[in-house]
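Participant: Can you keep this structure in mind? I'll have questions shortly.
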Amino acid sequence: MGLHALLILLSLICLAYHIQQCIAADVFRTVLSPPASAPYQVSVFINESNSLKYSVETSGGATSVLVESSLSLTVDGWTLGEGVEIVGSPVEGPEVHETYRTRGKHSVGADHHRETVFTLRHNASAIEFNVVFRLFYDGFAFRYWVPASGGFPTRNVTADGSHFNFAFTADDYAWFTERDVEPVWELYDYGGIWKTAPASTLPTRTPRYYNNTYGAIILIEDTTYTRPFPFIFLTESALYDFSGLRLKALADPQGFQADLADTSFAVNTTKDGGFRTPWRTVVLAKSLDQLVNTDMISSLNPSPEQRNPGLFVFDTSTTPPSYPAYIQPGRSVWRDYLFGKGNTTEEGDYIDLASQLGFEYTTIRGWDQWADPYTELTTLVAFADSRGVKVIVQKRTDEVDDTSSDYLLLRQWLDQVASTGVAGVRFSGLKSASYASVLLSERMMYECALRSLVVTQQNLPFATGAERTYPNEITREAVRSLEFNKRSGFPDLLPPHYLALPYTRMVLGSTQFTPFIQNTLYKGNTTTVFQLASAICFDAYMWIIPEDPFVLLNSFSHLSLLQSIPTTWEETVVLPASKVGYLTIMTRRTKDNTWFLAAIVGVTSQADQEAALSEIPLDFLSESIPYNATFVYTQSNVAGAEMTGEVFVESFIGRRLSNVQLQSGGSEADGLVAVFVPTVDNNSIL
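Using mature numbering (1 follows the signal peptide of the UniProt record, and there is no 0), the letters of the sequence shown correspond one by one to residues -24 to -1, 1 to 662.
If you want it as C-alpha cells, here you go:
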C-alpha cells in the first residue's frame, strides 16, 4: 500500500471513530431557548450510557453555567433517568406571557415562560414518564411527571436524583443556613443562621450534624461579579403532594444533589392522572435587584383557580383581578413576645392599643387556656370589631393533625373557631417537610379559605410560593426570626443574618420575621434605626410587631413614620451598592407614589462603610417635581447611649445622597430611613 493510500485509510478510520463517538455521545440532544432573548440556553440530552442529563450555557454555548447534571427520580425501586430512551419528539408549548395579582415587592406578577415536555421510557421497567422544563428570562425549572398506569393508586418514591453541578472557582461562595444550637433541627425548619463559605467547601464542612446535607435554599455568589450570572439561586417551587427538598453538597462532581425529607413515601396517583414533583428551580440573576424581584417562584405555583376552582372569588373590576375582600394586609400587635399569654382583659388592652396605633390586627396565643375559651373569645372579637381591629388566634398543629375521616378534627375545630368571628388562624409547631406535613399544611390553608379565614404559619420548614395558590396565607415564618433573640440559650441574631435575608429566604415570598423592636434586651447588636429600616426591607403581607404598643404610643420618637410603613408595595428597587450579608440599600414605592428608602449595614470598618455609602443615587425619584423628605438616622451611639435624629426637608429635589455616614463602625449594625412624599398630584408622576 502506498503512502497516499495509507493516509487516506487512516483518515477514514479517524473519521469513522469520530462519527461513532459523536453518535455515542448524542443518543439524543436538544437545546432549549428561553423567551425574550434571555442570555442562556439549556441542553437536554441522553448520553452514551442512556442516562438523562442537562447542562446550562450562555446563549450560543460560549460559557458554561451548570455543567453536565443528572435528571432522575427513583419510583417503585426503579431509577427513572438511567437506562432511558426518548419517546417521540419533545413537545414545546406556546410562549406564555401573563400577569396576575401578587403582593410584597410589587402588586402585579409577570409569568413569561416557554415550556417543553419530554416523554421518556425506562427500558427495564417499561415505565413511561415525563420531564418538564420551563424556561423564564431569569432562570429555569424542571419537574418530573409520572402518569398513572397499571391501576396502581400510589407510587413509592425513595429518591430524587436531580443534580445541579458546577465548576466552582475560589471566587464562588455559597450562602446557606446552619444551626449551632440544637443542630438536630437544622433540616426540620428554616430556622438556621445564614452563613457563607467557599462553595467548594460545603461537602466537607465540619462539624455538622447532617454532614453534607443542607436546607432547600442555596445562593451561589460570584464574588468577582464578572460572570454572566453572579447570583445563582437554587430551591424548589410549588411543593404540593410530595416530600420537601434538601440539598446535598457534592465534591465530585462539584455541586448539589436533591435529597428528600422522606426516605420513602407513597404518593397518590389518582389526582390529575398521576403525580408531579415540585419544580426544581434555578434563578439566574445578573444583579441583586433582579434576584429580589424575580416572579419565578410564584409563577411556578398554580393559580388559585387552577388548583381549587371556585375557592377564591376575585374582584374582576381591577386588572389583574384583586383578592377577595377578607384577605387584607396589615400590621399586628402581639402581646406574647414581651409579656407572654394574656387573659381577656390584657388582650383587650392590646386591642385598644392596636386601635390607637391604627394597626389592623392582633395575634393572640393561649386563648384556648381561658376558663370558657370560645365564649370569651366571641366577646373579645366583638370588642375588637368595635375598635376596628381583626383577631388572629394561634393553634398548635399537633392538636389538629389527624387525617382520619378526611381531617375531621381540623374541620370541626375550624368550624368552632370561625363561629367566634375571628379573622384568621396562626398555626404553629409544624416542624417537618415530610409528605404528611406538606399535605397538612395545604389542607389548613384550604380549609381556612372555605371559611374565609386568613392563615399564617409559624415555624414551618418550607416556603415554595404557596401564597399565590392560597392567597389567604398572609405570611409564613420558615426563617430564624427576631423571636430567637428572647429564647434562652440562643445567641442574638447577627447582622449578616439580617443582611442575607432579602436575597435568600425572602426571594420565596412573605416572611414572618417579626421585625422592629427597640427593647435593648432583644434587639441584639443593632440600632433602633436598623430595626426600623429592616421593617421596610423585609417582606411580610402581615407584619407582626413584637414591640410594646404602649411604648410606641408614648415614647417612640418616630411613631408617625412607623405607622406609615405599608406591608405591600407597588415597586421595589435594590440599589447597586448592596452586597449579600453586608449592606442592603432598597427603595420601595407605595400606591400613592411615596418612596421609602432604607439602608441597613452590618458592623464594618468605617473605611469600608464610607466606600459603600459614599453616594446613594436617587434615580427612582421624578426629576420634574419636588418631594417632602423625612430622614431618620442614628445621631450618636456611644457606650450604649443611642440617640436618633429626624430631619424634615420641604420641597426636596435631589439626584443623590452624598457622604452618608452610619454609626456601624462600632459594635452595632446601623441603618438609615428616608421617605419621599410627592408634593403634586400622584397621577402626574409616573
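All C-beta atoms, glycine included, are put in the ideal place defined by N, C-alpha and C. All figures in this text were calculated on a predicted structure; none of them were measured in a lab.
Could you check the C-alpha separation between residue 605 and residue 611 for me, to the nearest Å?
Facilitator: 18 Å
Participant: Report buried or exposed for residue 73, applying the criterion of at least 16 other Cβ atoms within 10 angstroms of its Cβ.
Facilitator: exposed
Participant: Give the DSSP bridge partners of residue 51, in chain order.
Facilitator: 54 and 133
Participant: So what's residue 534 in DSSP terms, helix, strand or just coil?
Facilitator: Residue 534 falls in the coil class under three-state DSSP.
Participant: Among 296, 319, 124 and 141, which one has its Cα closest to the Cα of residue 227?
Facilitator: 141
Participant: So residue 501 and residue 617 are in contact, right, with Cβ under 8 Å, and what is the actual spacing, rounded?
Facilitator: Incorrect: roughly 15 Å between the Cβ atoms, too far for contact.
Participant: Report yes if the CB atom of residue 124 is closer than 8 Å to the CB atom of residue 245, and no otherwise.
Facilitator: yes
Participant: Work out the CA separation of residue 530 and residue 194 for me, nearest whole Å.
Facilitator: 43 Å
Participant: Let me make sure I understand the geometry here. Which of 410, 197, 354 and 448 has the alpha-carbon closest to that of residue 300?
Facilitator: That would be 448, whose Cα lies nearest to the Cα of residue 300.
Participant: If you count every other CB in all the chains shown that lies within 10 Å of the CB of residue 281, and 16 or more means buried, which is it?
Facilitator: Residue 281 should be labelled exposed.
Participant: By alpha-carbon positions, which one of 477, 274, 488 and 104 ends up nearest to residue 264?
Facilitator: 477
Participant: Run through the DSSP bridge pairs and tell me what residue 141 is partnered with.
Facilitator: 43 and 231
Participant: Looking at the unbroken alpha helix (DSSP H) that takes in residue 387, where does it start and where does it end?
Facilitator: 380 to 394
Participant: Cutting at 6 Å between CB atoms, please list the residues of its own chain near residue 318, excluding the five before and the five after it.
Facilitator: 311
Participant: Near residue 671, which residues of its chain fall below 7 Å by C-beta distance, leaving aside the five closest residues on each side in sequence?
Facilitator: Past the edges of the chain, shown from -24 to 662, lies residue 671, and the structure says nothing about it.
Participant: How about residue 407 and residue 164: are their beta carbons less than 8 Å apart?
Facilitator: yes
Participant: Residue 221 to residue 239, Cα distance in whole Å?
Facilitator: 11 Å
Participant: When burial is assigned at 16 or more other CB atoms within 10 Å of the CB, is residue 456 buried or exposed?
Facilitator: buried
Participant: Just verifying my parser: in three-state terms, what is the DSSP assignment at residue 511?
Facilitator: helix
Participant: Leaving out five residues on either side along the sequence, give the residues of the same chain with a beta carbon under 7 Å from the beta carbon of residue 65.
Facilitator: none
Participant: Between the alpha carbons of residue 81 and residue 293, how many angstroms are there, rounded?
Facilitator: 22 Å
Participant: For residue 472, tell me which candidate among 505, 631 and 151 has the shortest Cα-Cα distance.
Facilitator: Considering only alpha carbons, the answer is 151.
Participant: Could you give the distance in angstroms between the alpha-carbon of residue 260 and the alpha-carbon of residue 540?
Facilitator: Rounded to the nearest angstrom, the gap between the Cα atoms of residue 260 and residue 540 is 34 Å.
Participant: Give the straight-line distance between the Cα atoms of residue 98 and residue 424, rounded to the nearest whole angstrom.
Facilitator: 41 Å
Participant: How many angstroms separate the CA atom of residue 572 from the CA atom of residue 427?
Facilitator: Taking C-alpha positions only, residue 572 is separated from residue 427 by approximately 36 Å.
Participant: Residue range of the beta strand (DSSP E) that residue 123 falls in?
Facilitator: 115 to 123
Participant: Name the two residues that bound the continuous alpha helix (DSSP H) containing residue 320.
Facilitator: 320 to 333
Participant: Among residues of its own chain, excluding the 5 on either side of residue -7, which ones have a beta-carbon nearer than 8 Å to its beta-carbon?
Facilitator: Any reading at residue -7 is ruled out, since the residue's pLDDT is 38, under 50, leaving its predicted position unreliable.
Participant: May I ask which residues mark the beginning and end of the beta strand (DSSP E) holding residue 98?
Facilitator: 84 to 98
Participant: Can you tell me which of the three DSSP states residue 361 falls into?
Facilitator: helix
Participant: Just mark residue 367 as buried or exposed, buried being the case when its beta carbon has 16 or more other beta carbons within 10 Å.
Facilitator: It is buried - the Cβ of residue 367 has at least 16 other Cβ atoms within 10 Å.
Participant: Residue 132: buried (16+ other C-beta within 10 angstroms of its C-beta) or exposed?
Facilitator: exposed
Participant: How would you label residue 467, buried or exposed, when you count the other beta carbons within 10 angstroms and need 16 or more for buried?
Facilitator: exposed
Participant: By the DSSP assignment, the alpha helix (DSSP H) with residue 265 in it spans what residues?
Facilitator: 264 to 268
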